[in-house]
Amino acid sequence: MDYAQIAIDSFWWIAQTLALTAIFFSLGIFLLVQCTHWGKQFWMFAGGYLSPKRSIKPLLFFY
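Below you can see the structure in the form of structure tokens.
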């Protein structure tokens, strides 16, 4: 067994999975906020805190 190649393959699998999860999670949250009454209420309440104009730190907490 080539453990170095297995480690590299595992790293790329984890990186790809993390990237896809971040994309689909963000898309799901966006659709939830845009398409539901609850999502719109949530965004009215939390939008100022989660705004990148204010600070990027709260958004980085989710990644």
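Under our numbering, the first residue of the sequence shown is numbered 12, with each subsequent residue one higher.
The beta carbon of each residue, even a glycine, is placed where N, CA and C say it ideally should be.
In this text, all values refer to a predicted model and were calculated from it rather than measured experimentally.
Rounded to whole angstroms, what is the Cα-Cα separation between residue i and residue j?
| i | j | result |
| --- | --- | --- |
| Ala33 | Asp13 | 30 Å |
| Leu31 | Phe53 | 25 Å |
| Lys64 | Gly39 | 22 Å |
| Lys51 | Val44 | 5 Å |
| Cys46 | Ser37 | 14 Å |
| Ile67 | Gly59 | 12 Å |
| Leu42 | Trp23 | 28 Å |
| Met55 | Ile25 | 35 Å |
| Ile17 | Gln27 | 15 Å |
Could you tell me the boundaries of the alpha helix (DSSP H) in which residue i lies?
| i | result |
| --- | --- |
| Met55 | 48 to 61 |
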